[in-house]
Amino acid sequence: MRRTTAAIFLGIIIALLIATALLIHPFGYPPSQMDDYIIENAQSETGTNNIVTSVVFDYRGFDTLGEATILFTAVTGVVMLFRKKKEETAK
Amino acid sequence: MMMSKIVRTISNLLLPFILTYGIYVILHGHLTPGGGFQGGAVFASGIALFIVAFGSYNIQKNLKEHHLSILESSGALLFIGLAFGGIAIVFFYNFLVGSPILGHIPPSGSNPGDIWTGGVIPLMSIAVGLKVIAGLSVIVLVMALASSKTEIEE
Amino acid sequence: MDALITHSPILIIAIPLLAAFLTPLISRVSDTVRNIIVIAALAFVAFLAIFLARDIYLNGVHVYVLGASAFNLTIPELYTVPVRIILEVDAMSIFLGIIAATVSLAAAIYSLSFMKQETGKAKFYTLLLLMTVGMFGLAFTGDMFNLFVFLEILSISGAALAAFRTRFADALEGGLKYIIISAISALMILFAIGILYAQYNLLNIAALAQVMQYTTLDKIALALLVIGFIMKLGAVPLHMWVPDTYAVAPAGISAMLVVSSQASMYALYRICFSLFGVTMNTLTVGWIVIILGLLTMFVGVTMAIPQTDIKRLMAYHAISQSGYMLLGVGVGLAVLGNPEALATYGREAMRGGIFHIINHAMYKGLLFLTAGALFYRTGTRDLNKMGGLGRNMKFTSIFFIIGALAISGVPPFNGFASKLMIYESVYRFNPILSVIAMLVSVITLASFTKAFQSAFTGPPLPQYKDVKEAPKSMLIGMGILAVIIVFFSLFPSLIVNTIVTPAADALINQAPYINAVMGGG
Amino acid sequence: MIATIFNIPFLAVAALVGIALYIIISQRNLIKLVMGIVILEAGVNLFLITLGYREAGIAPIYTNAPEGVMVLPVPQALTLTSIVIGVAITALMLSMIMLTHRHTGSIDAEKSRRMKG
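Chains as they are written, first to last, in the numbering used here: chain Y, 167 to 257; chain S, 23 to 176; chain C, 18 to 538; chain B, 188 to 304.
See below:
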């Protein structure tokens with residue numbers, strides 16, 4: 167029962183994926199209204215030659231903060247999982 | 023657990039180059055491909071190589087987990103601090119563009135590149151770089167220690 | 018003061034984040050200072066959230082453009098689409114924000130005593146703050162990719178916290194299940210975001226909503242988003258992880274995981290109403306949500322009956338209650354394209370569903386906290402091993418009664434108020450749905466009566482003769498939620514009018530959400 | 188048909204994601220499950236990065252840039268973010284699996300499972 171449901175689910179998802187691949191814009195010719203603005207104005211607005219960096223740290227800086235937070239969370243989580251059993255009672 | 027002498031010698035030889043390259047990628051993130059995350063990952067891979075070659079128990083004496091955690095928190099604080107720096111206008115405002123510090127604006131179009139540009143972006147790169155170096159090293163170190171501990175117990 | 022209001026959307030996210038980064042450093046110095054900072058940060062944020070809410074009800078949607086030269090410069094000069102990340106806080110966002118602020122504050126205060134015996138408290142509070150950040154970020158962001166990032170923060174910190182008591186193998190299993198489900202659902206959501214980006218080259222929700230065409234690709238994206246968020250909120254076909262995770266997490270965290278599920282539900286509503294809105298076939302999507310809601314409601318409650326582990330029982334009821342929210346809002350969604358039906362009962366159903374979100378967060382949070390108090394004093398979660406605890410744990414049993422009556426929809430409690438709104442309006446949409454919902458409510462009452470009897474009434478068991486009342490900070494944590502429930506029960510119409518109706522209208526009316534970013538209107 | 192041929196990168200994405208989902212559904216070994224998730228991540232990242240490609244585009248960096256149209260920068264930034272998120276999740280999942288293995292001595296999803304549904 168579970169296997170059949172899983173197989174049907176998998177089939178649907180794969181059909182959706184192939185439909186996506188066929189319907190999406192032709193490879194190499196994406197629409198680019200937002201990105202064109204960034205390519206044109208990144209140098210004057212952020213003073214950065216590397217536009218990817220200007221997107222990462224300026225235009226979408228908040229994502230990067232979130233991403234740094236995720237790394238921080240994961241590190242805290244990993245250290246927490248492997249903590250010594252009597253870490254703080256000794257204090 | 024320590025790897026053979028060949029591995030240790032080679033990693034000793036390679037390490038300075040890997041670390042230097044990591045720092046270069048972090049510092050030139052606003053001019054050439056790279057940035058805080060990429061450079062930090064390169065640097066941390068050097069540390070991971072070191073941990074693998076010399077064994078986590080031996081590394082542990084020199085590279086303490088809580089020191090790295092402090093470094094990581096400082097990197098994160100520096101990053102969010104720089105973001106807060108622009109709050110007089112808007113959070114994350116690039117307040118150093120046009121100022122005397124890192125404030126040059128490059129000529130538009132293709133140019134040879136000027137290190138003194140980008141405003142807070144190079145600083146943020148450094149902050150994120152610190153964070154990623156410390157974070158990835160902690161993950162590798164802690165997981166290596168934990169797995170070697172199970173080996174000893176068994 | 019104006020500056021504080023202007024910047025409050027970002028401050029509400031950034032202050033707990035700053036506190037989270039500081040916590041590991043301060044813990045090296047002093048545990049007391051750390052506890053004070055954690056509580057102070059959460060209290061300040063709760064205060065700011067209420068402050069911001071008041072301003073939103075008076076002046077409408079708040080936008081905050083990160084990194085632009087002015088906070089309201091949503092579209093760069095001489096350009097047509099937003100480029101930067103925009104925080105967009107409307108009545109629905111702040112509604113979730115208020116829930117998150119209250120529950121996380123109560124959970125943090127509660128955990129002061131609850132986690133006293135545990136090691137690694139510095140990590141615990143860091144992760145708790147990060148989880149709060151995730152909820153606020155998810156609620157306030159107006160950007161698809163940013164939504165994904167905050168969803169990940171929420172799920173990673175939630176999974177780590179669920180697995181916090183690593184000495185139990187169950188805890189690890191719960192955490193692992195949660196993170197695997199979250200990872201898969203988040204990647205589906207990311208794929209859908211990619212599809213939307215590929216077509217419109219936009220990531221802002223409002224900008225996407227304005228140009229939404231509802232092509233086949235959009236339908237695929239919608240399907241992936243709905244599957245992803247349904248997975249994440251624990252509705253029925255994909256609910257298996259919920260009891261395992263909720264039951265093993267520390268009590269305060271179980272309460273927060275409920276809100277975290279609701280945050281995913283918020284995201285689902287945001288996608289359905291604000292992003293797609295009337296462009297999509299709302300009747301079909303609405304019926305899908307309704308059917309999922311009914312299944313969730315029914316399967317959750319039937320699975321809850323045989324449970325003897327008190328927290329698993331509550332977790333199944335949490336699944337079942339999510340069904341009500343899906344049902345209420347689903348009916349609203351189904352009639353979204355039909356103004357007449359929307360005015361007569363659709364809006365009422367949505368208000369019921371949304372009111373139920375806040376009610377559920379409060380009473381389910383309270384119930385999980387009381388279950389934690391029982392566990393704290395008796396060391397067991399098995400209902401068959403408890404008995405006669407009401408004698409010694411008076412406050413805890415009172416809090417449990419309040420929560421249980423509220424969840425079962427007994428008048429005059431707030432659970433009744435929201436359920437009544439759902440019954441009445443859903444009855445006019447389709448009577449059968451309403452009858453099933455009432456039936457589920459009756460079973461819920463029966464189930465909680467049984468739980469109360471086995472835990473609190475009866476002769477005190479010899480091994481629990483000297484059981485004491487829960488410690489003070491736990492009582493305060495539970496008390497905050499209990500007082501809110503009682504207040505909601507006394508003045509349901511006040512709550513509905515002040516915070517629920519604006520939230521429902523914010524979902525129904527897509528235009529203000531779009532105009533706040535795109536201008537015009 | 189021509190459009191289909193040029194969309195081969197997107198079909199590759201579909202293949203990767205399909206394989207990954209198959210692994211996730213069919214495998215009981217927890218490590219293999221994580222591998223499935225990592226492949227899924229790789230598929231989604233590949234999808235994001237292919238979205239930004241422009242025919243004969245150059246890297247979006249002005250330092251000594253040659254003449255030519257630049258590829259889109261935003262998908263590259265999104266992919267970077269998503270890669271780091273993937274690393275974080277993978278690290279946490281593997282840690283949990285290591286600890287589960289310590290407790291139960293097994294990395295089989297069915298055997299190390301204590302609670303039912």
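The C-beta atom is built at its ideal place from N, Cα and C for all residues, glycine as well. Please read these numbers as outputs of a predicted model, since none were measured by experiment.
Fill in: 7 Å CB neighbourhood of Y:E253 in its chain, flanking five on each side removed
Residue placement at Y:E253 is flagged as unreliable, the pLDDT there being 44, under the threshold of 50; the coordinate-derived value follows with that caveat. Cβ neighbours of Y:E253 beyond the five flanking positions: none.
| Alpha carbon to alpha carbon, what distance is there between B:A252 and C:G536? | 37 Å
Self-check item: Coarse secondary structure for S:D136, derived from DSSP in three states
Solution: coil
Margin query: My output table needs one value for C:L104: the three-state DSSP class, helix, strand or coil.
Written below: strand
*asked:* For the ligand NAP, is there any heavy atom lying closer than 7 Å to the beta carbon of C:C289?
replied: Judged by which ligands are present, the structure shown has none, so any question about the ligand NAP falls away.
Straight-line Cα distance separating C:V295 from C:N355 = One C-alpha to the other measures close to 10 Å.
Beta strand (DSSP E) containing C:Y81: first to last residue? 79-82
(request) Rounded to whole angstroms, what's the CA-CA distance from B:E259 to Y:E206? Just pull it up for me. (result) Reading off the sequence shown, one finds Leu at residue 259 of chain B, where the question assumed Glu. The straight-line gap from Cα to Cα measures roughly 11 Å.
- Secondary structure at B:T250, three-state DSSP: helix, strand or coil? strand
Rounded to a whole number of angstroms, what is the C-alpha to C-alpha distance between S:L41 and S:N34? Going from the Cα of S:L41 to the Cα of S:N34 covers about 11 Å.
Taking 6 Å as the limit between beta carbons, can you name the residues of its chain near S:Q60, skipping five residues before and five after? V47
I'd like the span of the alpha helix (DSSP H) that includes B:K219, first residue to last. 217-238
*Helix, strand or coil: which one does DSSP assign to Y:K257?*
Summary for Y:K257: the model assigns pLDDT 35, below 50, so the residue's position carries little reliability; its value from the coordinates is reported in the next sentence. DSSP places Y:K257 in coil when its eight states are reduced to three.
Does DSSP put C:T397 in a helix, a strand or coil? coil
task: Taking B:I226 as the reference, give the member of C:L391, C:A200, C:S128 with the closest Cα.
output: For the residues C:L391, C:A200, C:S128, the minimum Cα distance to B:I226 belongs to C:A200.
Once DSSP output is grouped into helix, strand and coil, what is the label at C:M132?
coil
Subject >> Host alpha helix (DSSP H) of C:V534 (start-end) >> reply: 527-535
### Message
Restricting to Cα atoms, I'd like to know which of C:S281, C:A60, C:A31, C:L450 is closest to C:S110.
### Response
C:S281
task = Would you mind listing the alpha helix (DSSP H) stretches within the stretch 409-461 of chain C that are 4+ residues and don't spill past its ends, in chain order?
result = The stretch 409-461 of chain C contains these whole alpha helix (DSSP H) runs: 411-425, 431-446.
Closer than 8 Å to chain E by CB, S:S169 = Structure shown: chain E not included; protein chains present are Y, S, C and B.
Does the CB of S:A70 have a neighbour CB from chain Y at under 8 Å?
no
### Message
With H, G and I counted as helix, E and B as strand and the rest as coil, what does DSSP make of C:T97?
### Response
coil
Element boundaries [alpha helix (DSSP H), containing C:D326]:
Segment: none, C:D326 is in no alpha helix (DSSP H) and carries neither H nor E.
Checklist entry - DSSP puts C:N221 in a beta bridge; with which residues? => result C:D160
Consult DSSP for C:N76 and reduce its assignment to one of helix, strand or coil. helix
Per DSSP, C:M297 is paired with what?
Answer is none; C:M297 lacks a bridge partner.
Closest to C:F38 by C-alpha separation, out of S:L100, S:T139, S:P55, would be which residue? S:L100
Counting only beta-carbon separations shorter than 8 Å, does B:V231 have a partner in chain Y? no
Does the stretch 80-92 of chain C come into contact with the stretch 95-115 of chain S, if we say contact requires no fewer than three beta-carbon pairs (one atom in each stretch) closer than 8 Å?
yes
Considering only C-alpha positions, which residue in the set B:I211, B:V200, B:V221, B:G244 is nearest to B:I276? B:V221
#### Entry: CB contact flag (C:G389, C:A499, <8 Å)
Not a contact, by the Cβ cut-off of 8 Å.
Cut-off 7 Å between Cβ atoms - residues of its own chain near Y:T255, not counting five sequence neighbours on either side | Only weak support exists for where Y:T255 lies, its pLDDT of 42 falling under 50; the value from the coordinates is given anyway. Within the same chain, Y:T255 has no close Cβ partners at all.
- Query: With a cut-off of 8 Å, does the C-beta of C:I197 fall near any C-beta of chain S?
  - Reply: no
key: Other residues of its chain near Y:Y195: CB distance less than 8 Å, five sequence neighbours each side excluded   = none
Item checked: Best match in S:P144, S:G51, S:V74, S:G120 for proximity to S:K27 [C-alpha to C-alpha] -> Minimum Cα distance to S:K27 is reached at S:V74.
Measure the Cβ-Cβ separation of Y:T214 and S:G58 and say whether it is below 8 Å.
Going by C-beta atoms, Y:T214 is not nearer than 8 Å to S:G58.
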